[in-house]
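J.:
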Amino acid sequence: MNSLIPYLVVDLCLVIGLSLLLVRRLSFWHPATVYLVFHFYSFTWRAIGLVNGAPPMYAQNRAADIITAPEYERALLWADVGLLAFCVAAYWAHLRFDPSSHRPIVRRTLSPRIITAVCCVALPVGIWALYAAKSDVYLSNVVATSGYFQTLTMWPFGCMAMLVFAYGFRWYSVLGIIAYLGVVSLQGYHRFMVLFPLIFFSAYFLQSRRRLWPTWPIILLGFVTAMIFPRLKYIGQAYQNGDTSEAISLLVESFVERKSYEEVSYGEDFFDQYAGGLTMTDEAGKFYFGSTYLAIVTLPVPRAIWPDKPGLADHVHDISTSRRQYDVEGRILTYLGEAYLNFGYLGMVVIPAMLGFLLTGWCMRATSGPLRRFDRYLYVVFFIAFIQLYRDGLLSLLVFTVVHNIPMAVVWFLHLIPGLAPKVLDLPPADPRAQDDGAITVLR
138 MNSLIPYLVV
148 DLCLVIGLSL
158 LLVRRLSFWH
168 PATVYLVFHF
178 YSFTWRAIGL
188 VNGAPPMYAQ
198 NRAADIITAP
208 EYERALLWAD
218 VGLLAFCVAA
228 YWAHLRFDPS
238 SHRPIVRRTL
248 SPRIITAVCC
258 VALPVGIWAL
268 YAAKSDVYLS
278 NVVATSGYFQ
288 TLTMWPFGCM
298 AMLVFAYGFR
308 WYSVLGIIAY
318 LGVVSLQGYH
328 RFMVLFPLIF
338 FSAYFLQSRR
348 RLWPTWPIIL
358 LGFVTAMIFP
368 RLKYIGQAYQ
378 NGDTSEAISL
388 LVESFVERKS
398 YEEVSYGEDF
408 FDQYAGGLTM
418 TDEAGKFYFG
428 STYLAIVTLP
438 VPRAIWPDKP
448 GLADHVHDIS
458 TSRRQYDVEG
468 RILTYLGEAY
478 LNFGYLGMVV
488 IPAMLGFLLT
498 GWCMRATSGP
508 LRRFDRYLYV
518 VFFIAFIQLY
528 RDGLLSLLVF
538 TVVHNIPMAV
548 VWFLHLIPGL
558 APKVLDLPPA
568 DPRAQDDGAI
578 TVLR
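As structure tokens, this is what we get:
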């Protein structure tokens with residue numbers, strides 16, 4: 138696909154240039170870091186593959202319309218526009234909020250009492266849900282298929298994350314984390330249940346050690362996870378079916394068989410899906426003007442009570458065609474495709490810029506002070522969902538945080554009640570009046 142080469146050259150120059158512009162301000166948990174990684178993995182790397190002869194999406198499916206070169210070219214061009222808008226807005230946020238880092242800031246402390254009380258209830262419930270989901274415990278069809286029950290299995294992670302943030306790593310919390318990861322890594326479906334804890338505890342460890350970037354053990358863990366991740370679902374499915382030898386074979390192939398890796402990961406090329414989605418939006422002939430985001434309002438209503446309630450991906454069903462059945466195949470548009478679906482080309486500039494500015498500003502405020510502040514914990518919880526946000530759309534930021542982490546939502550609400558969690562006045566570390574934790578005044 139030689140016609141893509143000029144666009145790829147521009148893309149590479151932009152990725153490198155923006156990385157150099159922001160490198161002194163970035164960290165492992167910075168939203169722009171996540172975005173640059175997402176862009177390179179999803180768009181740049183896939184474009185390199187296409188230029189080197191990799192088949193486009195639907196090349197092996199005669200019943201579908203193959204993604205064409207002009208579609209890829211437009212998609213990469215506007216992905217670069219979104220990248221530029223996001224990073225420029227992030228840079229602006231630093232210029233806007235850097236002066237405030239040298240002034241005292243009022244923050245709410247993280248209350249161990251609230252966290253312990255919530256976890257004493259939520260942790261046993263979550264452990265039971267994990268057990269019930271993989272055992273012969275009888276569950277009614279309504280309960281078993283309910284989204285509420287599925288989110289219960291994430292509660293152990295949410296509770297352990299809060300306890301670690303409140304008390305630090307303890308031998309019992311480390312054992313609990315290892316046990317949870319062992320169970321969910323072999324459950325054969327939601328791989329994010331493995332990825333989220335790894336990202337969260339890595340971010341916490343680095344922040345607790347005042348490091349901006351991963352240490353070599355974390356880098357090695359990330360490399361191993363990246364090698365196994367494309368096959369993780371199939372390894373879990375083989376294990377659940379009792380085929381241990383197949384599970385081990387897939388695990389070994391993760392490190393030695395590139396061809397098999399390409400077969401397993403085929404269909405996960407977000408660039409292709411996003412490029413095709415832009416054309417399908419044009420063919421549908423309408424924009425949604427933000428209505429796709431309103432599905433979050435009806436999300437709490439169980440589908441068993443309201444079978445025809447609006448879904449989070451109804452817009453994908455609307456634009457799908459018989460030749461590109463995104464709804465049947467479970468395709469995604471990325472948040473850029475979603476922005477185009479709602480507001481056209483304007484959305485592909487405004488939405489990235491808005492996210493770049495707001496998320497960067499929050500990151501700077503939340504992570505500049507002492508470790509055990511509620512806003513820092515809350516930011517790290519949302520940080521682990523940034524990849525899902527960029528991949529699946531804006532609603533993912535709430536679905537993969539608040540909806541999947543109800544214990545955190547309860548703790549969040551309790552921290553807002555006056556008197557339960559005191560506020561403190563955090564001084565800059567260089568201020569001689571500051572105590573060891575940076576706070577000098579307790580506010581009610």
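Numbering (this note's numbering), first residue to last: 138 to 581. Glycine included, C-beta positions come from ideal geometry on N, C-alpha and C.
If you reduce the DSSP assignment to three classes, tell me which class Lys423 lands in.
T.: Note: Lys423 maps to coil in three-state DSSP.
J.: At the level of alpha carbons, what is the spacing between Ala421 and Tyr472?
T.: Those two C-alpha atoms are separated by around 18 Å.
J.: Just to confirm the assignment, what range does the alpha helix (DSSP H) spanning Arg368 have?
T.: Segment Trp353 to Gln377, the alpha helix (DSSP H) holding Arg368.
J.: So, for His454: in the same chain, excluding its five sequence neighbours on each side, which residues have a beta-carbon less than 6 Å away from its beta-carbon?
T.: Cβ neighbours of His454 beyond the five flanking positions: Asp464.
J.: With distances taken between CB atoms, is the gap from Arg468 to Asp202 smaller than 7 Å?
T.: Not in contact: Arg468 and Asp202 (Cβ atoms no closer than 7 Å).
J.: Could you have a look at Thr504 and say whether DSSP puts it in helix, strand or coil?
T.: Note: Thr504 maps to coil in three-state DSSP.
J.: Under a three-way DSSP split, which group does Val465 fall into?
T.: Three-state DSSP puts Val465 in a helix.
J.: Provide the residue(s) that pair with Val243 in DSSP beta bridges, ordered along the chain.
T.: The partner list for Val243 (beta bridge, DSSP) reads Leu562.
J.: Excluding the five sequence neighbours on either side, which residues of its own chain have a C-beta within less than 6 Å of the C-beta of Pro565, listed in chain order?
T.: Closer than 6 Å at the Cβ level, and outside the excluded window around Pro565, lie His239.
J.: Could you check whether Ile543 and Ala412 sit closer than 7 Å to each other, using their CB atoms as the reference points?
T.: Cβ distance not < 7 Å, so Ala412 and Ile543 don't count as in contact.
J.: Is it a yes or a no for the segment 511-524 touching the segment 162-182, going by three-plus beta-carbon pairs under 8 Å?
T.: The segment 511-524, when compared against the segment 162-182, does touch it at the 8 Å Cβ threshold.
J.: At which residue ranges does the segment 142-215 contain complete alpha helix (DSSP H) runs of 4 or more residues, listed in the order of the chain?
T.: For the segment 142-215, whole alpha helix (DSSP H) runs of length 4 or above, ordered along the chain, are 142-159, 168-176 and 182-188.
J.: Using a Cβ distance threshold of 8 Å, determine whether the segment 355-375 contacts the segment 138-146, with at least three qualifying pairs required.
T.: Result no; under three Cβ-Cβ pairs closer than 8 Å.
J.: For Leu369, would you say it is in contact with chain B, using Cβ-to-Cβ distances shorter than 7 Å as the test?
T.: Absent from the structure: chain B. Only one protein chain is present.
J.: For Pro193, count neighbouring C-beta atoms within 10 Å of its own C-beta (all shown protein chains included) and say buried if the count is 16 or more, exposed if not.
T.: When all chains shown are included, Pro193 counts as buried.
J.: So what does DSSP say about Arg348, is it helix, strand or coil?
T.: Reduced to three states, the DSSP call for Arg348 is coil.
J.: Thinking just about the alpha-carbon of each residue, which of Leu492, Val301, Ile251 and Leu478 is nearest to the one in Trp549?
T.: With distances taken between Cα atoms, Trp549 lies closest to Ile251.
J.: Just the C-alpha distance for Ser248 and Leu496, rounded to the nearest angstrom, thanks.
T.: Their backbone Cα atoms lie some 24 Å apart in a straight line.
J.: Could you check the C-alpha separation between Ser397 and Ser386 for me, to the nearest Å?
T.: Annotation note: pLDDT 48 at Ser397 (below 50); position unreliable, no value reported.
J.: For Pro507 and Val301, I'd like the C-alpha separation in whole angstroms.
T.: If I take the Cα positions, the gap works out to 15 Å.
J.: Please confirm whether Thr504 and Arg510 have their CB atoms less than 7 Å apart.
T.: Cβ atoms of Thr504 and Arg510: not closer than 7 Å.
J.: Specify the secondary structure class of Arg233 as computed by DSSP and reduced to three states.
T.: Arg233 falls in the helix class under three-state DSSP.
J.: So what does DSSP say about Arg510, is it helix, strand or coil?
T.: DSSP places Arg510 in strand when its eight states are reduced to three.
J.: With a threshold of 7 Å on Cβ separation, who are the neighbours of Thr429 within its own chain once the five nearest residues in sequence on each side are excluded?
T.: His452, Glu475, Leu478 and Asn479.
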